[in-house]
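Structure, as structure tokens:
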Amino acid sequence: MKDGILLREAVVTLSAVVYWAGVLLNAYRVRRSIGRSPNLRPSNTKEWILWAGWLFVIIGWIGQPLMIAKVGASRPFMFIQPLYNHPVMTAGILLILLGYGGTLWCYRSLGDSWRIGINRKEKNALVTDGPYGYVRHPIYLFQMVMLSGVVLLLPTVFSLMILLIHMICSYVKALDEEGFLKGVYGSAYLDYIKMTGRFLPVSGRGASVRQWRDRS
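Each residue of the sequence shown is one higher than the one before, starting from 370 at the first, in our numbering.
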């Protein structure tokens, strides 16, 4: 096995700890500001299943380096050798930094409107600035960016499995959130959907969102 494994493992574990500690800190900040939980507790069976999926992602993200250290490069922790080199490792580190920086951008744009779950009795202001002027679910996007960095740092079948499970959970959660927001904001949210991508920016639409927001 080539060198650099300890650095790879350290970056992956540290990135997971920093990211999810940041989620908890942001939840604490919002709770103090609004005087109640930002919808942390799942409200139905589907949300509990999604939580189980995200818990697997979190544990796998943090724990895979420890498993590799314990059992070595055995399946499903065997390295995909063409991806195990320094340029790919560097790209992985950059993706993790980009993803975390993007997440902080999302937190700043959302402010006290940040939520984890859906509360159907609640109506906050529709956030359409910052990264939300380009995509409707940038937090999930930036999580995918970070997990893509994990795949490049620890190019294993298990890393790909974590990314795939996260993408499935994010897609289902995004559909639920969009259905809820359509009911809350009606035609305004339908207009917003036309101007943004779900996870990826739509070319030239950022300016349209800004113009639409200025008219509203």
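C-beta: ideal position from N, C-alpha, C; glycine also.
Residue i by DSSP, collapsed to three states: which one?
i, result
"Met370", "Bear in mind that a pLDDT of 49 at Met370, under 50, signals an unreliable position, so the number given afterwards is only what the model happens to contain. In this structure, Met370 counts as coil in the three-state DSSP scheme."
"Thr594", "Any answer about residue 594 is impossible in this case: the structure gives the chain only from 370 up to 585."
"Val426", "helix"
"Val381", "helix"
"Val571", "coil"
"Val519", "helix"
"Val504", "strand"
"Asn395", "helix"
"Glu491", "coil"
"Trp483", "coil"
"Val386", "helix"
"Thr414", "helix"
"Asp545", "helix"
"Pro434", "helix"
"Ser406", "coil"
"Val553", "helix"
Identify the continuous alpha helix (DSSP H) that holds residue i and give its terminal residues.
i, result
"Asp560", "Ser556 to Met564"
"Met447", "Premise fails: Met447 is in no alpha helix (DSSP H) and is neither H nor E."
"Leu479", "His455 to Leu479"
I'd like to check one pair, residue j with residue i: are the Cβ atoms closer than 9 Å?
i, j, result
"Val520", "Leu452", "yes"
"Leu522", "Ile462", "yes"
"Leu510", "Leu569", "yes"
"Ile449", "Ala385", "no"
"Asn395", "Glu491", "no"
"Tyr501", "Gly391", "no"
"Glu336", "Gly471", "The shown model of the chain, from 370 to 585, leaves out residue 336, and the question about it has no answer."
"Ser478", "Val496", "yes"
"Gly373", "Ala460", "no"
Can you tell which of the options has the C-alpha that lies nearest to the C-alpha of residue i?
i, options, result
"His506", "Leu463, Gly566 and Glu378", "Gly566"
"Thr525", "Pro434, Gly404 and Leu466", "Pro434"
"Thr414", "Lys542, Ser572 and Phe568", "Lys542"
"Phe527", "Ile427, Lys551 and Ala421", "Ile427"
"Ile534", "Phe549, Met513 and Gly552", "Met513"
"Ala421", "Ser539, Leu464, Leu559 and Val553", "Ser539"
"Ile508", "Leu495, Leu473 and Asn488", "Leu473"
"Asp481", "Met536, Asn488, Val399 and Leu393", "Val399"
"Asp545", "Leu419, Asn493 and Trp483", "Leu419"
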